[in-house]
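Residue numbers (full-length UniProt numbering), protein chains in the order written: chain Y, 1 to 245; chain W, 1 to 245.
Glycine included, each C-beta is placed from N, C-alpha and C at the ideal position.
Notes to accompany the following structure.
Number of protein chains: 2
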Amino acid sequence: MADYLSSAASNLAKNASEAVQQVHPYLPKDAIILNWAANEWSVPVLLTYFFGLCAILFVSTYFIAKRVDKTLTSGELTTIMWFVLSGCIHLFLEGYYATFYATLAAKQTFLGQLWKEYAHGDSRYLSNNSFVLCMETVTAVFWGPGCLATAAMIMLRHPLRYPIQMIVSMGQLYGVILYYATSAFDEAVNGVTYSRPEFLYYWFYFVIMNAFWTVIPAWLIYQSTVQTAKAVRKVQQMESTKKVL
Amino acid sequence: MADYLSSAASNLAKNASEAVQQVHPYLPKDAIILNWAANEWSVPVLLTYFFGLCAILFVSTYFIAKRVDKTLTSGELTTIMWFVLSGCIHLFLEGYYATFYATLAAKQTFLGQLWKEYAHGDSRYLSNNSFVLCMETVTAVFWGPGCLATAAMIMLRHPLRYPIQMIVSMGQLYGVILYYATSAFDEAVNGVTYSRPEFLYYWFYFVIMNAFWTVIPAWLIYQSTVQTAKAVRKVQQMESTKKVL
Numbered sequence: 001m002a003d004y005l006s007s008a009a010s011n012l013a014k015n016a017s018e019a020v021q022q023v024h025p026y027l028p029k030d031a032i033i034l035n036w037a038a039n040e041w042s043v044p045v046l047l048t049y050f051f052g053l054c055a056i057l058f059v060s061t062y063f064i065a066k067r068v069d070k071t072l073t074s075g076e077l078t079t080i081m082w083f084v085l086s087g088c089i090h091l092f093l094e095g096y097y098a099t100f101y102a103t104l105a106a107k108q109t110f111l112g113q114l115w116k117e118y119a120h121g122d123s124r125y126l127s128n129n130s131f132v133l134c135m136e137t138v139t140a141v142f143w144g145p146g147c148l149a150t151a152a153m154i155m156l157r158h159p160l161r162y163p164i165q166m167i168v169s170m171g172q173l174y175g176v177i178l179y180y181a182t183s184a185f186d187e188a189v190n191g192v193t194y195s196r197p198e199f200l201y202y203w204f205y206f207v208i209m210n211a212f213w214t215v216i217p218a219w220l221i222y223q224s225t226v227q228t229a230k231a232v233r234k235v236q237q238m239e240s241t242k243k244v245l
Numbered sequence: 001m002a003d004y005l006s007s008a009a010s011n012l013a014k015n016a017s018e019a020v021q022q023v024h025p026y027l028p029k030d031a032i033i034l035n036w037a038a039n040e041w042s043v044p045v046l047l048t049y050f051f052g053l054c055a056i057l058f059v060s061t062y063f064i065a066k067r068v069d070k071t072l073t074s075g076e077l078t079t080i081m082w083f084v085l086s087g088c089i090h091l092f093l094e095g096y097y098a099t100f101y102a103t104l105a106a107k108q109t110f111l112g113q114l115w116k117e118y119a120h121g122d123s124r125y126l127s128n129n130s131f132v133l134c135m136e137t138v139t140a141v142f143w144g145p146g147c148l149a150t151a152a153m154i155m156l157r158h159p160l161r162y163p164i165q166m167i168v169s170m171g172q173l174y175g176v177i178l179y180y181a182t183s184a185f186d187e188a189v190n191g192v193t194y195s196r197p198e199f200l201y202y203w204f205y206f207v208i209m210n211a212f213w214t215v216i217p218a219w220l221i222y223q224s225t226v227q228t229a230k231a232v233r234k235v236q237q238m239e240s241t242k243k244v245l
């Protein structure tokens, strides 16, 4: 009888602990995500708001920048648009996660629900993952303001534009490379998968949405490198001409 | 009797699994480090070899660089010495870890023993930690050759020197910031400590040895920023003078 009771109690405890751990739709199934509450808004509503806000910000940056300085080239304009949009995403969306990561799973705010939806593509955002939290905190605190500063420097044609663009774009690129790589390594070597396999979750949220922060920063790092080398070469030529004279 | 046997068997299994997991001197005690073998060389021998090799490399870089180009300033010389030493550490020491991480705990090679000694200050190097592995792989593959390329460009006074110095130093600085931050976060929030508390392990290996890769890259990023802005400003002035003429 004592044996039966103790085995029943241990089964109960085991089931209870599994129930606590598994009340969520994310992978891995045993990820510890406490106090998770299903989103109150539907996915189309969340995504329409998010992409709608991005589009409004993107387009209004274009018109404001063009109005402030009519001589901006189309290259300068699109780069400003990228840095304003990217900076606001770092500051507000990623800043929200870095601030509220510990209680995100229960949140019903717009940004809270957005993260709970995104976490289908990467559950590390809800499970106190140290790499994702630290990388996102640096991104929100440094690359967010850094993006806006770069946009302002392009408008002003400031001599600090290319070095600051380089620092910010390197931060973004290295962050996202480690973001993809750690996930791939944990899957391949440690057998832990953070993304659900559905197209929307894996391909759209995890792969495609983050890919913008590989391709565009890589191009901007290349641009900074070429423009800096060009300026240094001109100064070197100027100085050697002076010496000859 | 059956009960007694099954409980004895389960205790045996439990002890055996604990024994497999805990035959190592690292923290956390339950870190899974398989096939660990104690180092065959003593700590003074390992450290003397390592710092001796570093000193030989550092000093011979000085003499070779000075011989190749007598006009190098002391600032250029020390920067070349830093990039050659740092590049070799990335390529050989960190490249060794990135290549052999899976079997490191059993190795008795010089570099294998060096990592097993260092792991007292950070056990993540022996436990398949995805962040440390990915960051070190990027460091070995990109910042290693990048350091040597920067050293060569300083010798040649090449126009690409400052942008490449910026890319490499940003990679080093961001990597080490995330390295410290993830460890601090796992300790503060997740209650997992990777470093033994002894002065040699925590302060010397973990804090001080890595601190070189915060202070020096931060200074070199600052230098690249200032030098780039200076060159761009000169070119802007030159072009506006031309327009006026």
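Can you give me the C-alpha to C-alpha distance between residue i and residue j, rounded to a whole angstrom?
{"i": "A19 of chain Y", "j": "Y118 of chain W", "result": "Because the pLDDT of A19 of chain Y is 49, which lies under 50, any placement of that residue in the model is unreliable, and the number read from its coordinates should be weighed accordingly. If you take the alpha carbons of A19 of chain Y and Y118 of chain W, they lie about 40 Å apart."}
{"i": "W203 of chain W", "j": "D122 of chain W", "result": "11 Å"}
{"i": "Q108 of chain W", "j": "M170 of chain Y", "result": "37 Å"}
{"i": "S224 of chain Y", "j": "Y201 of chain W", "result": "40 Å"}
{"i": "A152 of chain Y", "j": "G87 of chain Y", "result": "12 Å"}
{"i": "C54 of chain Y", "j": "L148 of chain Y", "result": "15 Å"}
{"i": "L114 of chain W", "j": "L46 of chain W", "result": "7 Å"}
{"i": "H90 of chain W", "j": "K29 of chain W", "result": "29 Å"}
{"i": "L126 of chain W", "j": "I64 of chain W", "result": "37 Å"}
{"i": "Q227 of chain Y", "j": "N210 of chain Y", "result": "26 Å"}
{"i": "D69 of chain Y", "j": "Y162 of chain W", "result": "30 Å"}
{"i": "L34 of chain W", "j": "E94 of chain W", "result": "21 Å"}
{"i": "A188 of chain Y", "j": "N128 of chain W", "result": "11 Å"}
{"i": "G175 of chain W", "j": "K242 of chain W", "result": "44 Å"}
{"i": "Y26 of chain Y", "j": "K116 of chain Y", "result": "10 Å"}
{"i": "A229 of chain W", "j": "Q236 of chain Y", "result": "14 Å"}
{"i": "N39 of chain W", "j": "W143 of chain W", "result": "29 Å"}
{"i": "F199 of chain Y", "j": "S74 of chain W", "result": "57 Å"}
{"i": "T99 of chain W", "j": "H120 of chain W", "result": "20 Å"}
{"i": "V43 of chain W", "j": "F50 of chain W", "result": "11 Å"}
{"i": "A194 of chain Y", "j": "V84 of chain Y", "result": "The identity of residue 194 of chain Y in the sequence shown is Tyr, whereas the question assumes Ala. Approximately 30 Å, taken between the alpha carbons."}
{"i": "Y180 of chain Y", "j": "I208 of chain Y", "result": "11 Å"}
{"i": "A231 of chain W", "j": "R233 of chain Y", "result": "9 Å"}
{"i": "R67 of chain Y", "j": "Y205 of chain Y", "result": "34 Å"}
{"i": "W82 of chain W", "j": "W219 of chain Y", "result": "29 Å"}
{"i": "E136 of chain Y", "j": "V244 of chain Y", "result": "52 Å"}
{"i": "V215 of chain Y", "j": "L72 of chain Y", "result": "23 Å"}
Could one say the Cβ of residue i lies closer than 8 Å to chain W's Cβ atoms, at least one of them?
{"i": "D186 of chain Y", "result": "yes"}
{"i": "N35 of chain Y", "result": "no"}
{"i": "V215 of chain Y", "result": "no"}
{"i": "A211 of chain Y", "result": "no"}
{"i": "I32 of chain Y", "result": "no"}
{"i": "V189 of chain Y", "result": "yes"}
{"i": "M238 of chain Y", "result": "yes"}
{"i": "V235 of chain Y", "result": "yes"}
{"i": "A19 of chain Y", "result": "Caution is warranted here: a pLDDT of 49 is assigned to A19 of chain Y, below 50, making its placement in the model unreliable, and no coordinate value can be reported."}
{"i": "T182 of chain Y", "result": "yes"}
Is residue j closer than 8 Å to residue i when the C-beta atoms are compared?
{"i": "F106 of chain W", "j": "W36 of chain W", "result": "The question names Phe, but residue 106 of chain W is Ala in the sequence shown. Taking 8 Å as the Cβ cut-off, A106 of chain W and W36 of chain W qualify as a contacting pair."}
{"i": "C134 of chain W", "j": "F110 of chain Y", "result": "no"}
{"i": "M155 of chain Y", "j": "I80 of chain Y", "result": "yes"}
{"i": "V138 of chain Y", "j": "I177 of chain W", "result": "yes"}
{"i": "M238 of chain W", "j": "M238 of chain Y", "result": "yes"}
{"i": "P217 of chain W", "j": "L173 of chain W", "result": "yes"}
Assign residue i to one of two classes, buried (16 or more other C-beta atoms within 10 Å of its C-beta) or exposed (fewer than that).
{"i": "I32 of chain Y", "result": "exposed"}
{"i": "R157 of chain W", "result": "exposed"}
{"i": "A140 of chain Y", "result": "buried"}
{"i": "P159 of chain Y", "result": "buried"}
{"i": "Y96 of chain W", "result": "buried"}
{"i": "Y101 of chain W", "result": "buried"}
{"i": "G112 of chain W", "result": "buried"}
{"i": "F131 of chain Y", "result": "buried"}
{"i": "P197 of chain Y", "result": "exposed"}
{"i": "S60 of chain W", "result": "exposed"}
{"i": "S240 of chain W", "result": "exposed"}
{"i": "T150 of chain Y", "result": "buried"}
{"i": "T48 of chain W", "result": "exposed"}
Measure from the C-beta of residue i to each C-beta in chain Y and report whether the shortest distance is under 8 Å.
{"i": "A149 of chain W", "result": "no"}
{"i": "T79 of chain W", "result": "no"}
{"i": "V207 of chain W", "result": "no"}
{"i": "T241 of chain W", "result": "no"}
Problem - the region 105-139 of chain Y: positions lying closer than 8 Å to chain W by Cβ - result: N128, S130, F131, L133, C134, M135, T137, V138
Practice task
Could you run through the region 158-180 of chain W and flag, in chain order, every residue whose CB is less than 7 Å away from some CB of chain Y?
Solution key: P159, L160, Y162, P163, M166, I167, M170, G171, Y174, I177, L178
Practice task
Anything in the region 218-232 of chain Y with a Cβ closer than 9 Å to a Cβ of chain W? List those residues in chain order, please.
Solution key: I221, S224, T225, V226, Q227, T228, A229, K230, A231, V232
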